[in-house]
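Chemist:
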Amino acid sequence: MAALNLKLVIVGDGGVGKSCLLITYKTESFPGRFICMTSHRANYCTNIVVDGKPYNMAFWDTAGQEDYDRLRPLSYPQTDIFLMCFDIGNRDSFENISEKWFPEVRHFCPDTPIILVGTKNDLRSASDVCRCCVRCVSWQEGQQVATSLNLPYHETSSLKQVGLKELMNHAVQLGSQSVRRQKKGGSIGKWVPSWLKGKKSNSLPPPPVMPPAGQAPWIEIETSTIADHMTQLLKSGDYSDVTFVVEGSHHVPAHKLVLCSASEFFQNLFGVQSSNKKDKSSKSTPNFAAGCAGVAGIEEGTSGTVVTLRDDISLEVFTHVLEFLYSGLPVLTEAPTEEKLTRLTAAAELFHLPYLSQVCDNIIRKEEFLNPSIGTYLNDTTGQKIKELFFNKSELSDISFIVQGTTVHAHKAILTSRSEVMGVMFGGSFSESSSSKVPVTGPTTDVFLALLEYLYTDNAPIEDVGPLDILPLADQYGQTRLISMCELYMTKDVDRDTGESIEKSSTDVIGLLVMAQMHNAPQLSSWCLHFISTNYTAISKRPEFSLLQGENLKHVEEHQWPPVSYLKQVEEYEAMLKEKGHNTDKCVVM
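Counted the way the working numbering counts, the sequence shown spans residues 208 to 797.
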């Protein structure tokens, strides 16, 4: 049985999840990467079987901004079924169904079936994600509007992959029924504009075909290097404040803040309390040490704390314990023997490190592929703990910054291991190397704290503080991964802010391009150039367009979309239709 070809067009406001819906249905997985296709939308083809009959579905994605009100209908000819979408968490997009989308589609396609779709219905139950859940559109409200417009109604969640199959099956049924009705009526089997009905199909030349614009560049987040940085800190021993005496004669330097953040055992050993335990009685360091089977003694020396370990704990084993505490995994360069793993497991039990025991057990069971996920998890939990115990706290602090009159406490061990700029600043001949207080000019306190939080935890409150403010400081201190995180947030902000209109948006993408190139953000620069090029018509009307110069202007003009040649063909086609007496208000070309 030959497959029936069906064309499905999806419409709705920008940001309601149209692209995610199509991609998730086609690939059966939610797109993990951020999708930014503000201007040109991609088309997809897929095969589907409904009621035992094969169909070849062509999915046409569209842009929802008002800047494309003239170009968007170019996708409408020969459509068999429309999906008209709104975001359940966005009432403006819901109201635009009646005010904009239904009138537009019915204007150009008066007889084509439409399905009303409420997307992101997972927001209703995700109260921790959707803070304004009370404003979510209810199922009853969606059904009421669908009934008033005489449309069927579906709800979906691309994130949870709920309702997609039912929606597409219904779309196929309605689209195929429409095709069969048209064939019975003697038409050519596809929708044509109402003003062409009754005219000979060869009375007009074929309309111009819109060329593809290409996808926006992906924004890649750099792989975390915090485990490598912590491993290097352990090897260097810089700014250590505790020394372990192993096998009676080996002195191993380490850092209390890392050990306490990675292990409650060492937190108790060194008497460091979390803020929620400050008022509670806790074991003193000597008493706790006396009860530790692996610790022979602990005392305060002239250069810090000295911890003497039990003689039967080897240097090799304890080195692996420290590697685990610093990076989340022991560095076992060669296949370890079972005897070595047994000794390491015993040490893990002495120091109350259950995840280290699990790592060893995985290796013994030939399941070491599970260990990287343990390391990642421990890096995250250690980051959370170091923030709780030491971030901007005087506990173990050996350096302070003065920012806008506010004292910010920090630790040189973390700063210098995470930032080469900080390493040079505190380790070289600069004045900061001999000062306990460093004045900081330029950034606000919140922005500087965001940078420090990233250095301590590998995460930053970018959304709360603002990527525009963090990016210059990230560049100043050489934090390329933080730059890539800011790049991603900025592209998301642009896509959200231009959801209704690009020309009238408050976002200055050209200014963002200049900033990206000034502060070593190459991904953001490429993304902005693509955005400007593929939204040329709208952005060229903005006042800051005159600031586009040099290579940037050359790139945009060379990659303008839609290209000048196509726009000229459209104008010529519309002029020809006017000359033949056709109503170009309903001129929708392919």
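Where a beta carbon is used, it is the ideal one built from N, C-alpha and C, also for glycine.
1) Considering only residues of the same chain and omitting the five flanking positions on each side of L658, which have a CB-CB separation below 8 Å?
2) Assess contact between the region 584-594 and the region 636-648, defined as three or more Cβ pairs (one per stretch) separated by less than 8 Å. Is contact present?
3) Kindly indicate the opening and closing residues of the beta strand (DSSP E) around K225.
4) Helix, strand or coil for G382, going by three-state DSSP, please let me know.
5) How would you label G504, buried or exposed, when you count the other beta carbons within 10 angstroms and need 16 or more for buried?
6) Starting from K619, follow the alpha helix (DSSP H) in both directions and report where the run begins and ends.
7) Distance check for L755 and D715, CA to CA, integer angstroms please.
8) Specify the secondary structure class of S510 as computed by DSSP and reduced to three states.
9) For the candidate residues S481, L476, T583, S510, whose alpha-carbon lies nearest to that of A500?
10) Using C-beta distances below 6 Å, list every residue in its chain close to V610, excluding the 5 sequence neighbours before and after it, in chain order.
11) Whole angstroms are fine: how far does the CA of L215 sit from the CA of D268?
12) How would you write the range of the alpha helix (DSSP H) that N586 sits in, first residue to last?
13) Drop a sphere of 10 angstroms on the beta-carbon of I217, count the other beta-carbons inside from all chains shown, and report buried for 16 or more, exposed for fewer.
14) Here's the rule I'm using: 16 or more other beta-carbon atoms within 10 Å means buried, otherwise exposed. How should A209 be labelled?
15) Kindly give me the distance between the Cβ atoms of Q368 and F237, rounded to whole angstroms, as I take these residues to be in contact under 8 Å.
16) I'd like the list of long-range same chain contacts for Q776, defined as Cβ closer than 6 Å, with 5 residues on each side in sequence excluded.
17) If the criterion is Cβ atoms closer than 8 Å, does the pair F473 and L464 meet it?
18) Go through its chain and collect everything with a Cβ distance to G743's Cβ below 6 Å, but skip five positions before and after it.
19) Could you pull the start and end residues of the beta strand (DSSP E) that K260 belongs to?
20) Kindly identify the DSSP beta-bridge partner or partners of V218.
21) Whole angstroms are fine: how far does the CA of F451 sit from the CA of V701?
22) Would you list the residues sitting across from F608 in a DSSP beta bridge?
23) Let me make sure I understand the geometry here. Which of G634, E778, V513, E670 has the alpha-carbon closest to that of H457?
24) Is any heavy atom in the ligand ATP found nearer than 7 Å to the beta carbon of Q439?
25) Measuring alpha carbon to alpha carbon, tell me which residue in G259, P261, K260, I230 is nearest N250.
26) Once you ignore the five residues that flank E183 on each side, which residues in its own chain have a CB closer than 8 Å to its CB?
27) Take every Cβ of the region 350-361, pair it with every Cβ of the region 293-309, and state whether three or more of those distances are shorter than 8 Å.
28) Using the three-state DSSP reduction, which class does C252 fall into: helix, strand or coil?
29) Note down, in chain order, each residue of its chain lying with its Cβ closer than 7 Å to the Cβ of A434, except the 5 sequence neighbours on either side.
30) Report the CB separation of M291 from V312 in whole angstroms; it is logged as a contact under 8 Å.
31) Any chance the region 597-607 sits against the region 618-636, with 3 or more Cβ pairs inside 8 Å?
32) Using C-beta distances below 6 Å, list every residue in its chain close to E779, excluding the 5 sequence neighbours before and after it, in chain order.
33) With 16 other CB atoms within 10 Å as the buried threshold, where does C252 fall?
34) Is DSSP giving I426 helix, strand or coil here?
35) Can you find the residues in the same chain that come closer than 7 Å, C-beta to C-beta, to Y661, ignoring five residues on each side of it along the sequence?
36) Round the Cβ separation of L720 and N759 to the nearest angstrom and send it over; I've been treating them as touching at under 8 Å.
Modeler: This is what the structure gives:
1) P650, A667, I677, L680, A681, Y684, Q686, L689
2) no
3) That residue, K225, is in no beta strand (DSSP E); its alpha helix (DSSP H) goes 225-234.
4) helix
5) exposed
6) 619-625
7) 12 Å
8) coil
9) L476
10) V647, T652, F655
11) 9 Å
12) 578-596
13) buried
14) exposed
15) 7 Å
16) P415
17) no
18) For clarity, residue 743 is Tyr in the given sequence; the question names Gly instead. Counting only Cβ-Cβ distances below 6 Å, and skipping sequence neighbours, we find Q767.
19) 260-267
20) M291
21) 52 Å
22) V615, V645
23) V513
24) Ligands in the displayed structure: none, and consequently the ligand ATP is not present.
25) I230
26) Absent from the model: residue 183. The displayed extent of the chain is 208 to 797, so no value can be given.
27) yes
28) strand
29) S534, G535, G582, N586
30) 7 Å
31) yes
32) none
33) exposed
34) coil
35) A667, Q686, L689
36) 6 Å
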